[in-house]
Amino acid sequence: MPVGRIDFERKPEREYLVNQYRVHKFDDKHVLITTDNGAWVLLNSKEYGLFRTHKIEEDLNLYAILKENGIIVTKENIDQVVEDYRKRYRFLFQGPDLHIMVPTFRCNLRCVYCHSFSKPLDANAKEWDMDKETAKAVVDFMFKTTARDFGIEFQGGDCSFNFDVVKFAIDYAKSLANKQKRKVSFSVVTNLTKADDDFIKFLKDNIPIGLCTSLDGPKEVHDKNRRYLGGKGSYEDVVYWIKRIREEMKGYDFKFHALTTVTKHSLGYGKEIVDEFRNLGFHFFWPRFMNNLGFAERTWGKIGYTAEEYLRFWNDILEYVLKINRSGEEFREVWAFLVSSVILGKEGANMVDFRSPCGAGIGQLLYNNKGDIFTCDEAKVLDMFKLGNVKTSKYEDVFKSPTTTSMIDISSKFCSLCDACPWFAYCALCPVNIYTSQGSIVPKLAEDMRCRIFKGMIKTIFEKIIFSERDRDILEKWVKI
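Sequential numbering from 17 applies to the sequence shown in the working numbering.
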């Protein structure tokens, strides 16, 4: 916030400056004011008139509210406003803390929306699998991050089809972490169809560890989205191993998550998908909308939807989840949790998708099977987002590259229509999604699907926080958990 030089010796009634702000009118009686550091306040029409015409000193209560929330900057609150900015953008000073390794692009499934362009199992392993020499170089590069503590996530394809390299990378990373007295966490992302007793033993031997799989809902939905290469649905195998692993890992320090990707097949099954997760012992549900990447781009006409269709689906799910919570059961919808975090919390949501600038390059890095370095998960099949290679690139070169600086610049949002949006402080722009939808990382004068979805979500959560006490109590509880 460029407040400039503040002259506090002026007349008492003008001892303030107005913070950079944006406006959303819910109606004539309810006007929302938001600032870049995440502060917000709801005004009535009279209060907004005084604020807009710089006459707030005529209403001492209004003056106090605006001062308390950092909407105006005074001699008394300027240090707190600066501190709020620092907390909001703390991620800019820590370096990448999420490092994604792709041990293989081979997979035994052919999911309709796969953005990795996964390769079949009979594809040339030397071409699509990472070797141990490359894995060592990747881990060495990860440890150059300026983030003191960080996480390593193994993806694919499906990483279980080159699991010896996963084990090697974890053992090597642990040895470096011990030598450098750093804390490194690990997470394995797999479809679970290759799980066995040895895999469960691996999980137990590497506690604490995280496991993430995909479950798109009940059988009739999941099997339309996630099939084996031969065409058979994967639902029964995935559910078997979810139940088996949950039983085997009781009492262990173990985080187990399942994610849903929403296709057109999912739209009529919101309640059923939520109940599937509840019945399998999960306490949160994340209905992720599709990226128009990979196989999804080819089949969008069959599996895609509009932003408005997705938002209707999401709103129905949110209402059902809030109803579940009102009955006493703790169950979270992740989009609502994340948006509530950026609205209610001083530090926002600890997730690269809700950072501005986005996490590409500065919050996360992805390393493919050849050791090539990419800005993020979504970009791993797009060469224009390649930053270098772990065997030939210096760490500082990756962050000084034109690609990294362009991603930071664009996703800061000041150079786009986002700068005038009232939800500026609570949203994030994804240059990769902009590129795939508009053909350039520089947004054109139009909203893309992701933008419309995020706008709808943020507006809905604000309405619940402001106008529904019982919903606000639930969302506040989620954020505090």
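A virtual CB, placed ideally from N, CA and C, is assigned to each residue, including glycine.
Going by CA-CA distance only, name the one from the options that's closest to residue i.
i: G172; options: S357, I477 and L125; result: L125
i: A80; options: N93, T69 and R68; result: N93
i: K471; options: S456, D44 and N331; result: N331
i: F109; options: C467, T420 and I378; result: I378
i: A312; options: Y129, R104 and K41; result: Y129
i: L354; options: A444, I389, P418 and T421; result: A444
i: L33; options: L78, V89 and N77; result: V89
i: I426; options: P303, S456, C392 and E263; result: S456
i: Y188; options: K160, K287 and A151; result: A151
i: W351; options: E363, R294 and I333; result: I333
i: N442; options: Y105, V47, E31 and R68; result: Before going further, note that residue 442 is Tyr rather than Asn in the sequence given. The shortest Cα separation from Y442 among Y105, V47, E31 and R68 belongs to Y105.
i: P119; options: T51, I389 and V182; result: V182
i: V368; options: I116, L66, K91 and V47; result: I116
i: K83; options: V237, I49, L114 and C434; result: I49
i: W5; options: M473, V414 and K410; result: It is not possible to answer for residue 5, since the shown part of the chain is limited to 17 through 497.
Please state the DSSP three-state secondary structure of residue i.
i: E92; result: coil
i: F202; result: strand
i: V414; result: helix
i: M117; result: strand
i: L82; result: helix
i: D23; result: Below a pLDDT of 50, predicted positions are generally treated as unreliable, and D23, at 44, falls in that range; the measurement from the model is reported next regardless. Residue state, collapsed to three classes: coil.
i: R122; result: strand
i: K210; result: coil
i: K429; result: coil
i: Q380; result: strand
i: E346; result: coil
i: P303; result: strand
i: K135; result: strand
i: T277; result: strand
Ignore the nearest five residues each way along the sequence and tell me which others in residue i's own chain have a CB closer than 8 Å to its CB.
i: N308; result: W316, G320, N449, T452, S453 and M465
i: E394; result: H131, N307, L309, C446, V448 and N449
i: K27; result: Any reading at K27 needs caution, since the residue's pLDDT is 42, under 50, leaving its predicted position unreliable; the model's value is listed next. Nothing meets the Cβ criterion.
i: V495; result: F353, S356, S357, L360 and G361
i: D100; result: N53, G54, A55, G86 and K362
i: K407; result: T150, A153 and G387
i: M10; result: Residue 10 falls outside the range modelled here, since the chain spans only 17 to 497, and no answer is possible.
i: S250; result: L125, N207, T209, H238, D239, R242, R243 and Y244
What residues in its chain sit with their C-beta under 6 Å from that of residue i, if we drop five residues either side in the sequence?
i: A139; result: R122
i: E63; result: L78
i: A323; result: M465, R468 and I469
i: L208; result: T229, V254 and W257
i: A226; result: Checking the sequence, you will find Gly at residue 226 rather than Ala. Once the five neighbours on either side are set aside, the close Cβ partners of G226 are S203 and K271.
i: K160; result: Y411
Strictly by DSSP, which residues pair up with residue i?
i: N405; result: D388
i: L227; result: V204 and F272
i: R38; result: T50
i: E485; result: Beta-bridge pairing links E485 to no other residue.
i: R243; result: G249
i: F170; result: M117 and V204
i: W56; result: T50
i: L33; result: V89
Please list, in chain order, all residues of the same chain as residue i whose beta carbon is under 7 Å from its beta carbon, the five residues on each side excluded.
i: I223; result: Y268, D269 and F270
i: H70; result: none
Relative to the ligand GDP, is the shortest distance from any of its heavy atoms to the C-beta of residue i smaller than 6 Å?
i: K135; result: What this structure holds is no ligand at all, so the ligand GDP is not there to describe.
Taking CB distances under 7 Å as the criterion, tell me whether residue i reaches chain C.
i: Q171; result: Going by chain labels, chain C is absent from the structure shown, which holds only one protein chain.
Contact the region 198-216 vs the region 153-171: 3+ CB pairs below 8 Å: yes
The region 335-343 touching the region 146-155, judged by at least three CB pairs closer than 8 Å: no
Touch test, the region 255-268 against the region 214-231, Cβ-Cβ under 8 Å, three pairs minimum: yes
Segment contact, 8 Å Cβ cut-off, at least three pairs: the region 413-427 with the region 365-377: yes
Contact between the region 283-294 and the region 228-245 (3+ Cβ pairs under 8 Å): yes
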